[in-house]
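Below you'll find the structure, written out as C-alpha coordinates, and then a few comments.
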Amino acid sequence: MEALPMARIDPHPADPGPRRGDRRDRRRRETVGTAAGALAVAVLAMGLCPAFAHPNIVMTCRVLFNFDGPSVNGLGEVWTFDQTFSAELLKDFDADGDGRFSNSEAAAMQSEIMRNLADSRYFTYVSIDGKDAGKLPVSGFRAEAKDGVVSIAFGVPVKTPLDPRIHTLSVEIKDPEFFVFASFAGDNPVLMRGDGAEADGCVPKLVDDSAGAYFGGAIIPEAATLSCGSRPR
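Going by full-length UniProt numbering, the letters in the sequence shown line up with residues 1 to 233, in that order.
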(Lines of atoms letter the chains of each structure in order from A and count residues from 1; the text may use other names and numbers.)
(Lines give C-alpha, C1' and ligand atoms only; values in the text may rest on other atoms or scores of the structure.)
Protein backbone atom coordinates (compact mmCIF):
# COMPACT_ATOMS: atom_id res chain seq x y z
CA MET A 1 0.00 0.00 0.00
CA GLU A 2 1.25 3.48 -0.85
CA ALA A 3 1.71 6.09 1.83
CA LEU A 4 -1.24 8.19 2.83
CA PRO A 5 -1.31 11.16 0.40
CA MET A 6 -0.81 14.18 2.62
CA ALA A 7 -2.66 16.39 0.16
CA ARG A 8 -5.86 14.55 1.10
CA ILE A 9 -5.39 15.08 4.81
CA ASP A 10 -4.19 18.35 6.26
CA PRO A 11 -1.06 17.15 8.08
CA HIS A 12 -0.69 20.40 9.97
CA PRO A 13 -3.04 20.61 12.95
CA ALA A 14 -2.48 23.26 15.56
CA ASP A 15 1.09 23.24 16.82
CA PRO A 16 1.21 20.99 19.91
CA GLY A 17 3.44 23.53 21.61
CA PRO A 18 6.97 23.47 22.87
CA ARG A 19 8.47 20.25 24.09
CA ARG A 20 8.66 19.81 27.83
CA GLY A 21 11.89 18.80 29.51
CA ASP A 22 14.38 19.50 32.25
CA ARG A 23 18.11 20.11 32.09
CA ARG A 24 18.83 16.42 31.90
CA ASP A 25 16.60 16.15 28.84
CA ARG A 26 18.43 19.02 27.15
CA ARG A 27 21.80 17.49 27.88
CA ARG A 28 20.60 14.23 26.35
CA ARG A 29 19.52 16.11 23.24
CA GLU A 30 22.91 17.81 22.98
CA THR A 31 24.60 14.42 22.74
CA VAL A 32 22.58 13.56 19.64
CA GLY A 33 24.20 14.70 16.42
CA THR A 34 21.18 14.73 14.12
CA ALA A 35 17.42 14.71 14.26
CA ALA A 36 17.45 11.15 12.97
CA GLY A 37 19.81 10.32 15.78
CA ALA A 38 17.31 11.77 18.21
CA LEU A 39 14.76 9.26 17.03
CA ALA A 40 17.37 6.53 17.32
CA VAL A 41 17.89 7.50 20.95
CA ALA A 42 14.13 7.60 21.40
CA VAL A 43 13.72 4.01 20.37
CA LEU A 44 16.65 2.83 22.49
CA ALA A 45 16.10 4.85 25.66
CA MET A 46 15.49 2.60 28.65
CA GLY A 47 14.98 2.89 32.37
CA LEU A 48 13.52 6.39 32.57
CA CYS A 49 11.53 7.07 35.74
CA PRO A 50 7.93 8.24 35.11
CA ALA A 51 8.19 10.76 37.95
CA PHE A 52 11.03 12.67 36.30
CA ALA A 53 11.15 11.88 32.58
CA HIS A 54 9.48 13.97 29.88
CA PRO A 55 9.07 13.31 26.17
CA ASN A 56 11.75 14.93 24.03
CA ILE A 57 9.73 14.75 20.83
CA VAL A 58 6.01 15.48 20.50
CA MET A 59 3.99 14.48 17.46
CA THR A 60 0.35 14.61 16.40
CA CYS A 61 -0.97 11.70 14.35
CA ARG A 62 -3.71 10.61 12.00
CA VAL A 63 -4.57 7.09 10.85
CA LEU A 64 -6.39 6.07 7.68
CA PHE A 65 -8.07 2.70 7.05
CA ASN A 66 -7.79 1.83 3.35
CA PHE A 67 -10.59 -0.33 1.94
CA ASP A 68 -10.40 -2.63 -1.07
CA GLY A 69 -13.99 -3.70 -1.52
CA PRO A 70 -15.43 -4.76 1.85
CA SER A 71 -12.03 -5.39 3.45
CA VAL A 72 -9.25 -3.25 4.91
CA ASN A 73 -6.03 -3.98 3.03
CA GLY A 74 -3.79 -1.35 4.55
CA LEU A 75 -3.31 1.59 6.86
CA GLY A 76 -1.92 5.06 6.35
CA GLU A 77 -0.25 7.21 8.99
CA VAL A 78 0.61 10.91 9.12
CA TRP A 79 2.87 12.19 11.90
CA THR A 80 3.25 15.94 12.44
CA PHE A 81 6.18 16.94 14.64
CA ASP A 82 6.48 19.81 17.10
CA GLN A 83 8.21 22.96 15.88
CA THR A 84 11.50 22.32 17.67
CA PHE A 85 12.00 18.85 16.25
CA SER A 86 10.72 20.06 12.87
CA ALA A 87 13.48 22.67 12.86
CA GLU A 88 16.05 19.94 13.50
CA LEU A 89 14.70 17.83 10.65
CA LEU A 90 14.85 20.80 8.29
CA LYS A 91 18.39 21.56 9.40
CA ASP A 92 19.50 17.98 8.81
CA PHE A 93 17.67 17.14 5.58
CA ASP A 94 16.65 20.36 3.79
CA ALA A 95 20.02 20.62 2.06
CA ASP A 96 19.19 23.67 -0.08
CA GLY A 97 17.44 25.51 2.76
CA ASP A 98 14.28 26.28 0.80
CA GLY A 99 11.96 25.12 3.58
CA ARG A 100 10.75 22.10 1.61
CA PHE A 101 11.90 18.55 0.96
CA SER A 102 12.85 17.60 -2.59
CA ASN A 103 12.58 13.97 -3.65
CA SER A 104 16.25 13.38 -2.91
CA GLU A 105 16.05 15.14 0.47
CA ALA A 106 12.98 13.11 1.43
CA ALA A 107 14.76 9.92 0.35
CA ALA A 108 17.71 10.71 2.62
CA MET A 109 15.29 11.42 5.46
CA GLN A 110 13.48 8.14 4.85
CA SER A 111 16.72 6.17 4.83
CA GLU A 112 17.83 7.41 8.24
CA ILE A 113 14.59 7.84 10.12
CA MET A 114 12.76 4.71 9.04
CA ARG A 115 15.85 2.58 9.61
CA ASN A 116 16.09 3.93 13.15
CA LEU A 117 12.39 3.31 13.77
CA ALA A 118 12.35 -0.25 12.44
CA ASP A 119 13.43 -1.85 15.72
CA SER A 120 10.67 0.00 17.56
CA ARG A 121 7.91 -1.16 15.20
CA TYR A 122 7.61 2.38 13.83
CA PHE A 123 5.73 3.15 17.06
CA THR A 124 2.80 1.32 15.43
CA TYR A 125 0.85 -1.29 17.37
CA VAL A 126 -1.86 -3.06 15.38
CA SER A 127 -4.33 -5.37 17.09
CA ILE A 128 -6.56 -7.87 15.27
CA ASP A 129 -9.39 -9.36 17.31
CA GLY A 130 -7.58 -8.29 20.46
CA LYS A 131 -4.27 -9.93 19.50
CA ASP A 132 -1.08 -8.03 18.74
CA ALA A 133 -0.24 -8.34 15.04
CA GLY A 134 3.45 -7.77 15.75
CA LYS A 135 5.78 -5.66 13.66
CA LEU A 136 4.36 -4.87 10.23
CA PRO A 137 6.27 -3.57 7.19
CA VAL A 138 5.90 0.01 5.98
CA SER A 139 5.99 1.51 2.51
CA GLY A 140 5.63 4.70 0.50
CA PHE A 141 7.36 7.26 2.73
CA ARG A 142 6.62 10.94 2.11
CA ALA A 143 7.87 14.07 3.86
CA GLU A 144 6.44 17.59 3.79
CA ALA A 145 7.23 20.90 5.45
CA LYS A 146 4.77 23.76 5.79
CA ASP A 147 5.43 26.95 7.73
CA GLY A 148 8.36 25.28 9.45
CA VAL A 149 6.35 22.27 10.62
CA VAL A 150 7.37 18.84 9.31
CA SER A 151 5.05 15.91 8.63
CA ILE A 152 5.86 12.43 7.40
CA ALA A 153 3.44 9.89 5.95
CA PHE A 154 3.75 6.20 5.19
CA GLY A 155 1.63 3.14 4.51
CA VAL A 156 1.29 -0.05 6.54
CA PRO A 157 0.11 -2.94 4.34
CA VAL A 158 -2.13 -5.53 5.96
CA LYS A 159 -0.88 -8.99 4.93
CA THR A 160 -4.35 -10.53 4.79
CA PRO A 161 -7.23 -8.12 4.04
CA LEU A 162 -9.70 -8.00 6.94
CA ASP A 163 -13.45 -7.53 6.83
CA PRO A 164 -14.15 -5.08 9.70
CA ARG A 165 -17.67 -6.46 10.08
CA ILE A 166 -16.13 -9.78 11.09
CA HIS A 167 -12.81 -8.77 12.64
CA THR A 168 -11.89 -5.99 15.06
CA LEU A 169 -8.92 -3.93 13.89
CA SER A 170 -7.31 -1.23 16.02
CA VAL A 171 -4.16 0.88 15.74
CA GLU A 172 -2.15 2.63 18.43
CA ILE A 173 0.80 4.94 17.82
CA LYS A 174 2.98 5.11 20.91
CA ASP A 175 6.48 4.98 22.34
CA PRO A 176 6.26 2.89 25.53
CA GLU A 177 9.54 4.44 26.71
CA PHE A 178 7.89 7.90 26.52
CA PHE A 179 10.87 9.53 24.82
CA VAL A 180 8.41 10.41 22.05
CA PHE A 181 4.84 11.39 22.91
CA ALA A 182 2.27 10.69 20.19
CA SER A 183 -1.32 11.87 20.36
CA PHE A 184 -4.10 11.86 17.80
CA ALA A 185 -5.10 15.06 16.05
CA GLY A 186 -8.08 16.93 17.42
CA ASP A 187 -9.75 17.06 13.99
CA ASN A 188 -10.19 14.05 11.71
CA PRO A 189 -7.88 11.77 13.69
CA VAL A 190 -9.21 8.60 12.01
CA LEU A 191 -10.23 8.44 8.36
CA MET A 192 -11.37 5.90 5.79
CA ARG A 193 -10.74 5.59 2.05
CA GLY A 194 -12.49 3.34 -0.46
CA ASP A 195 -16.07 2.57 -1.42
CA GLY A 196 -16.18 -0.46 0.85
CA ALA A 197 -16.08 1.75 3.92
CA GLU A 198 -19.48 3.28 3.21
CA ALA A 199 -20.91 -0.01 1.98
CA ASP A 200 -19.97 -1.62 5.29
CA GLY A 201 -21.54 1.24 7.23
CA CYS A 202 -18.28 1.78 9.10
CA VAL A 203 -17.61 4.74 11.37
CA PRO A 204 -14.03 5.61 12.40
CA LYS A 205 -13.46 6.39 16.05
CA LEU A 206 -10.96 6.60 18.90
CA VAL A 207 -11.21 4.50 22.05
CA ASP A 208 -9.16 4.52 25.24
CA ASP A 209 -7.02 1.43 25.75
CA SER A 210 -6.81 1.28 29.53
CA ALA A 211 -5.40 -2.25 29.38
CA GLY A 212 -2.53 -0.96 27.25
CA ALA A 213 -1.43 1.75 29.70
CA TYR A 214 2.32 2.22 29.67
CA PHE A 215 5.14 4.12 31.33
CA GLY A 216 4.23 2.90 34.76
CA GLY A 217 0.53 3.16 33.97
CA ALA A 218 0.79 6.95 33.65
CA ILE A 219 -0.17 7.04 29.97
CA ILE A 220 -3.39 5.52 28.63
CA PRO A 221 -3.13 5.37 24.83
CA GLU A 222 -5.94 5.91 22.38
CA ALA A 223 -6.61 3.36 19.66
CA ALA A 224 -7.96 4.13 16.20
CA THR A 225 -10.62 1.63 15.20
CA LEU A 226 -13.79 1.14 13.17
CA SER A 227 -17.36 0.59 14.26
CA CYS A 228 -19.12 -1.40 11.53
CA GLY A 229 -22.36 -3.28 11.15
CA SER A 230 -22.31 -7.07 11.42
CA ARG A 231 -22.05 -9.12 8.26
CA PRO A 232 -25.30 -11.04 7.61
CA ARG A 233 -24.98 -14.78 8.14
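For every residue, glycine included, the Cβ atom is placed at its ideal position computed from N, Cα and C.
Length of the line joining the Cα atoms of residue i and residue j
i: arginine 115; j: phenylalanine 141; result: 12 Å
i: valine 203; j: glycine 229; result: 9 Å
i: aspartate 129; j: aspartate 96; result: 47 Å
i: phenylalanine 101; j: leucine 226; result: 33 Å
i: alanine 108; j: isoleucine 166; result: 40 Å
i: arginine 62; j: aspartate 163; result: 21 Å
i: serine 170; j: isoleucine 113; result: 24 Å
i: asparagine 103; j: methionine 59; result: 23 Å
Distance CB(residue i)-CB(residue j) smaller than 8 Å
i: phenylalanine 81; j: leucine 90; result: no
i: phenylalanine 67; j: alanine 197; result: yes
i: leucine 64; j: leucine 206; result: no
i: phenylalanine 178; j: isoleucine 57; result: no
i: glycine 148; j: serine 86; result: yes
i: proline 189; j: proline 157; result: no
i: residue 244; j: phenylalanine 181; result: For the chain, the structure presents residues 1 to 233; residue 244 sits outside this window and is missing.
i: phenylalanine 154; j: glutamate 105; result: no
i: alanine 145; j: glycine 74; result: no
i: serine 127; j: alanine 133; result: yes
i: phenylalanine 93; j: lysine 174; result: no
Residues bridged to residue i [DSSP beta-bridge criterion]
i: methionine 59; result: Phe81 and Ala182
i: threonine 225; result: Ser170 and Lys205
i: serine 71; result: Asp68
i: leucine 162; result: Val72
Residue i burial status per 10 Å Cβ neighbour count (16 or more: buried)
i: phenylalanine 215; result: buried
i: alanine 218; result: exposed
i: aspartate 187; result: exposed
i: threonine 160; result: exposed
i: serine 111; result: exposed
Neighbourhood of residue i by C-beta distance below 7 Å, restricted to the same chain and skipping five residues each side
i: glycine 212; result: Glu172 and Pro221
i: proline 176; result: Tyr214 and Phe215
i: lysine 135; result: Arg121
i: glycine 201; result: Cys228 and Gly229
i: arginine 193; result: Leu64, Asn66 and Phe67
i: alanine 199; result: Pro70
Residues near residue i by beta carbon distance below 6 Å, same chain, minus five either side
i: isoleucine 152; result: Trp79 and Ala143
i: tyrosine 125; result: Glu172
i: valine 150; result: Phe81, Ser86 and Leu89
i: glycine 69; result: Gly196
i: aspartate 209; result: Pro221 and Ala223
CB contact below 8 Å: residue i versus chain B
i: valine 158; result: Going by chain labels, chain B is absent from the structure shown, which holds only one protein chain.
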